[in-house]
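Q: Following this message is one structure expressed as C-alpha cells.
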Amino acid sequence: MEEGSASKYGPPCKFDSSFRGPVKKRGCTDIICCIFFLLFIVVYLFVGIVAWTHGDPRQVLHPIDSYGKYCGQDKNAEKPFLLYFNILKCVNPAVLLNLQCPTHQICVKECPKKSLTLIGAQKNNFKDYQKYCTPEFKPEQERNTLKIISKDLCPSAVISSKPFMNRCFPNLITDNGKVSISGNETVMYGDERVNATEIQNAAKGVTQFIDARRVGMKIFEDFSKSWYWVILGLVIALILSLFFLILLRFLAGVLVWVVIIGVIGVIGYGIFHCFWEYQVNLKGRPGADNKITDIGFQTDFRVYLQLRDTWLALMIILCILEIIIILMLIFLRKRILIAIGIIRESSRAVAKVMSSLLYPLVTFVLLSVCVFYWAITSLYLATSGVPVYKVFVPPEPASENCKQYNGTVCDLKDFKGSEAMKNCNNARCLFVSFGGEGLYHQSIFWLQIYNIFAFLWIMNFIIALGHCTLAGAFASYYWAFNKPKDIPPMPIFTAFSRALRYHVGSLAFGSFILAIVQLIRILLEYIDHKLRASENKVARFVMCCLKCCFWCMEKFVKFLNRNAYIMVRDVYIMVDIKKNSLMSIAFCNSRTCRD
Numbered sequence: 067m068e069e070g071s072a073s074k075y076g077p078p079c080k081f082d083s084s085f086r087g088p089v090k091k092r093g094c095t096d097i098i099c100c101i102f103f104l105l106f107i108v109v110y111l112f113v114g115i116v117a118w119t120h121g122d123p124r125q126v127l128h129p130i131d132s133y134g135k136y137c138g139q140d141k142n143a144e145k146p147f148l149l150y151f152n153i154l155k156c157v158n159p160a161v162l163l164n165l166q167c168p169t170h171q172i173c174v175k176e177c178p179k180k181s182l183t184l185i186g187a188q189k190n191n192f193k194d195y196q197k198y199c200t201p202e203f204k205p206e207q208e209r210n211t212l213k214i215i216s217k218d219l220c221p222s223a224v225i226s227s228k229p230f231m232n233r234c235f236p237n238l239i240t241d242n243g244k245v246s247i248s249g250n251e252t253v254m255y256g257d258e259r260v261n262a263t264e265i266q267n268a269a270k271g272v273t274q275f276i277d278a279r280r281v282g283m284k285i286f287e288d289f290s291k292s293w294y295w296v297i298l299g300l301v302i303a304l305i306l307s308l309f310f311l312i313l314l315r316f317l318a319g320v321l322v323w324v325v326i327i328g329v330i331g332v333i334g335y336g337i338f339h340c341f342w343e344y345q346v347n348l349k350g351r352p353g354a355d356n357k358i359t360d361i362g363f364q365t366d367f368r369v370y371l372q373l374r375d376t377w378l379a380l381m382i383i384l385c386i387l388e389i390i391i392i393l394m395l396i397f398l399r400k401r402i403l404i405a406i407g408i409i410r411e412s413s414r415a416v417a418k419v420m421s422s423l424l425y426p427l428v429t430f431v432l433l434s435v436c437v438f439y440w441a442i443t444s445l446y447l448a449t450s451g452v453p454v455y456k457v458f459v460p461p462e463p464a465s466e467n468c469k470q471y472n473g474t475v476c477d478l479k480d481f482k483g484s485e486a487m488k489n490c491n492n493a494r495c496l497f498v499s500f501g502g503e504g505l506y507h508q509s510i511f512w513l514q515i516y517n518i519f520a521f522l523w524i525m526n527f528i529i530a531l532g533h534c535t536l537a538g539a540f541a542s543y544y545w546a547f548n549k550p551k552d553i554p555p556m557p558i559f560t561a562f563s564r565a566l567r568y569h570v571g572s573l574a575f576g577s578f579i580l581a582i583v584q585l586i587r588i589l590l591e592y593i594d595h596k597l598r599a600s601e602n603k604v605a606r607f608v609m610c611c612l613k614c615c616f617w618c619m620e621k622f623v624k625f626l627n628r629n630a631y632i633m634v635r636d637v638y639i640m641v642d643i644k645k646n647s648l649m650s651i652a653f654c655n656s657r658t659c660r661d
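The structure is reproduced here in C-alpha cells:
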C-alpha cells in the first residue's frame, strides 16, 4: 500500500530542519478582482467628494419654511421652530417621516402654548396671535378674515403644541395606545369646523411613530446614565473570557459539560418560574387574563409581564428548547467529545497566538470607519440639491388664467416681474423642496444605490479580511514543526500583511457575491414594505418565497466564503513536502498541490 502511494505521488522527501515556515516566493490571487475592487473604491471616494460638495445637512438638522429659509439660522436665528398652518395635512405617518407637509410653514420663536383662533384673536388681543403670522402681514392694512386665510397670511387657528425635531406638533399624549389632546375648542380650518376629537382621530396614524421615538429616547437616556456600568461590564466580561480561555486549556472537557448542564438547569428554572407566574402569582389577578393582541404594542414592556399569556408562551418556548437540547445530547454525544478535543486544541493555539484576542478591535475600527463614511455620504446625497420654488395660487378666488400658473417652477428673486405675478395678484412663489434638473440631481437615486452596495461590499470585505487573517495566523501555528520555535514572531501582523498583499482579489470576489445577495434582499424588503397594503395574496406569497430563498442563499454564501477564505490561507501556508514550497489557491483559478 505504501509502495503504491509512493509510486503515485512520488518518493517522500525527508524532513528539512532548516525550513522556517512559509517562503517569500508567492503569487497574487484573483488579480482582476483586485483591480476592479480598487477602482470601485476610488469611484466611491469620488462619489463621496461630490456629495459633500453639493449636500447640505442643514436640511435635516434645521426645518425649512415656505420661503426656503432655515429656522434657527441667519435671519431666523431667533426662530428655531417650524409652525404648520394646517396641521391636519401633516398627520399622515409618511408625511411625518419625510418631515414635509403640504401646507404653509413659517419659523416661529416658540410653539403655541395654548389653542387660539384667528377670529377670537381679532376680537381680543391680536398681538399674541400675530407672532404666528407671516412677516409680510400687516394687521392695520388687512382685517378681512377670509382674505387673511386665503392668502395664507395667518393660520385660521393654532393648537397647543410641543416641539419635536424643531417642528411644532399638537400636544398629543399617548397612553396605552390611546391619543388625547389638551382642550376641546372648536376651530376653523378653511371652510371646515374642527375640534379636538377630530384632531385626535386624525393623529392616531402617528402614534406608532411617536412611540418608536420614545423607545429610542428611553434607550439613549438609560445608556447616558449608565454608560460607565456598561464599560465596567465589558471589562469584567473580557477578564472572565481570558480566564475561561486559560481554564479551557486544562479543563476543556469539564468546563464544556458544566456549561451544558448549567444551560439545562437554567432553562429548567425558567420553566418553573414561568409556571409559577402563570399558575400561582397571576391567577385571579384583575387584567391578567387579557390577551396580548388586545393591548397591542406598548413602549413599556413591563405591561406584558402582567399577562398570563406572556408567561404561558415563554414556558412553551423554554420547554421546546429544553427538549431539543436533551435530544441533541443523546444523539450527538460522540460529536460533543470530538468538539471537546477541538476546543482543547484551539485553546492551545490561542495561548500561543495571544495577539489574536486583540484583532477583533481592528475589525471593529475598520467597520466603524466604513459605517461612518456610508452614513455621511448618504446624508449628503439625500440633502443634495438647490431650493425649488413653485407658484401657489389660492383656490378661492382663482380665475382660469391664474390656474395655469399654479404648480409651475418660479424664481423667488425675479418673481415680482414674472408673468404669473402680473396676471395673478394673489400668486406667490413658495419653497417646495430641494432638488434640481441637472445630471447629478437626476442621478441621486442611483448614487444612493451605489452607496448602499459599496457599503455592503466593503463591510463584507473587512469581515473577510478578519477571517483570512486569523486563518493565516493559526495556520502558521498548525504547520509549525517545532512549536513555538517555528511560529512567526508576529503571526497576526504577518498574516494581515500577507492577506492585503496577495489575497485582496479573492476576498473582494467573495464579498462581492455576498453583497449582491444582500442588496437583493434589501430591495425585496423595500418592495414588500410597499406591498403590505396590497390585498393581492399571490403577490405577497411570491414575495415571501423570494425573501426566504435569498435569506437561505445569503447564509449559504457566507458559509462558503468563510471556508474559502480559510482555504486561501491554509493552502498558501501549507508546506509542499516534496519541494518545501508554497501553493496558491484563488476563487477564480485554484491550483492544488502537485509535483
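Counting from 67, one number per residue, gives the positions in the sequence shown under my numbering. Even glycine gets a Cβ: it sits at the ideal position worked out from N, Cα and C. Being a predicted model, the structure only gives us computed values, none of them experimental.
#1: Excluding the five sequence neighbours on either side, which residues of its own chain have a C-beta within less than 8 Å of the C-beta of Leu566, listed in chain order?
#2: Provide the residue(s) that pair with Pro557 in DSSP beta bridges, ordered along the chain.
#3: Can you say whether Phe575 is buried or exposed, counting buried as having 16 or more other CB atoms within 10 angstroms of its CB?
#4: Would you report the Cα separation of Pro554 and Ala537, rounded to the nearest angstrom?
#5: Between Leu148 and Asn232, is the Cβ-Cβ spacing less than 8 Å?
#6: I want to know whether the region 398-406 touches the region 315-325 - three or more CB-CB distances under 8 Å.
#7: Taking just the CA atoms, how far does Ala493 sit from Val459?
#8: Would you check if the region 121-133 and the region 440-457 touch, i.e. whether three or more CB-CB distances between them fall below 8 Å?
#9: Ends of the beta strand (DSSP E) at Tyr455?
#10: Do Val113 and Thr443 have their C-beta atoms closer together than 8 Å?
#11: Would the region 538-552 count as touching the region 409-418 if we require 3 or more Cβ pairs under 8 Å?
#12: Do Trp377 and Cys436 have their C-beta atoms within less than 8 Å of each other?
#13: Between the beta-carbon of Val329 and the beta-carbon of Ile409, is there less than 8 Å?
#14: Ser228 bridges to which residues according to DSSP?
#15: Starting from the C-beta of Asp355, find all residues in its chain whose C-beta is less than 7 Å away, skip the five residues before and the five after it, and write them out in chain order.
#16: CB-CB under 8 Å to Pro77, same chain, minus the five flanking residues each way: which ones, in chain order?
#17: Would you kindly work out how many angstroms separate the C-alpha atoms of Pro123 and Cys385, rounded to a whole number?
#18: Taking 6 Å as the limit between beta carbons, can you name the residues of its chain near Ile215, skipping five residues before and five after?
#19: How should Asp96 be labelled, buried or exposed, when 16 other C-beta atoms within 10 angstroms of its C-beta is the threshold for buried?
#20: Please report the residue range of the alpha helix (DSSP H) in which Leu392 lies.
#21: Using a Cβ-Cβ cutoff of less than 8 Å, which residues in the same chain neighbour Ile327 once the five nearest sequence positions on both sides are dropped?
#22: DSSP on Phe203, reduced to helix/strand/coil?
#23: What are the start and end residues of the alpha helix (DSSP H) that includes Ile515?
#24: Along the chain, where does the alpha helix (DSSP H) containing Cys436 start, and where does it finish?
#25: In terms of alpha-carbon separation, which member of Leu626, Lys204, Phe559 lies closest to Tyr425?
#26: What three-state label does DSSP hand Gln171 in the structure shown?
#27: Taking the alpha carbon of Ser422 as the reference point, which residue from Val108, Leu311, Arg209 has its own alpha carbon closest?
#28: How is Pro77 classed by DSSP in three states: helix, strand or coil?
#29: Assuming Arg587 and Trp617 make a contact with CB atoms under 8 Å, what is their CB distance in whole Å?
#30: For Val301 and Val428, what's the separation of their Cα atoms in angstroms?
#31: Give every residue of the same chain whose Cβ lies closer than 7 Å to the Cβ of Leu196, excluding the five residues on either side of it in the sequence, and list them in chain order.
#32: Out of Thr535, Phe547, Val431, which has the shortest C-alpha to C-alpha gap to Phe562?
#33: Please work out which residues of its chain come closer than 8 Å, Cβ to Cβ, to Gln139, disregarding the five sequence neighbours upstream and downstream, and give them in chain order.
#34: For the alpha helix (DSSP H) that Leu478 lies in, which residues bound it at each end?
#35: Shortest alpha-carbon distance to Tyr439 belongs to which of Met525, Gly504, Phe547, Glu144?
A: This is what the structure holds:
#1: Leu531
#2: Per DSSP, none; premise fails for Pro557.
#3: buried
#4: 14 Å
#5: Yes, they are a contact pair.
#6: yes
#7: 5 Å
#8: yes
#9: 452-458
#10: yes
#11: yes
#12: Cys436 sits away from Trp377, with the two beta carbons spaced by 8 Å or more.
#13: no
#14: The sequence given here places Lys at residue 228; Ser does not occur at that position. Residue pairing by DSSP places Lys228 opposite Phe235 in a beta bridge.
#15: Arg374
#16: Counting only residues of its own chain and dropping the five nearest sequence neighbours on each side, Pro77 has no CB closer than 8 Å to any other CB.
#17: Cα-Cα distance, rounded: 51 Å.
#18: Excluding sequence neighbours, Ile215 sits near Ser222.
#19: buried
#20: Note that residue 392 corresponds to Ile in the displayed sequence, not to Leu. First-last of the alpha helix (DSSP H) with Ile392: 374-397.
#21: none
#22: coil
#23: Unbroken alpha helix (DSSP H) run through Ile515: 510-544.
#24: 425-448
#25: The option with the nearest alpha carbon to Tyr425 is Phe559.
#26: strand
#27: Leu311 is the residue among Val108, Leu311, Arg209 whose C-alpha sits nearest the C-alpha of Ser422.
#28: coil
#29: 7 Å
#30: Approximately 17 Å between the Cα atoms of the pair.
#31: For the record, residue 196 in the displayed sequence is Gln; it is not Leu. Within the same chain, Gln196 has close Cβ partners Pro205.
#32: For the residues Thr535, Phe547, Val431, the minimum Cα distance to Phe562 belongs to Thr535.
#33: Arg124, His128
#34: First-last for Leu478: undefined, no H or E at that position.
#35: Met525
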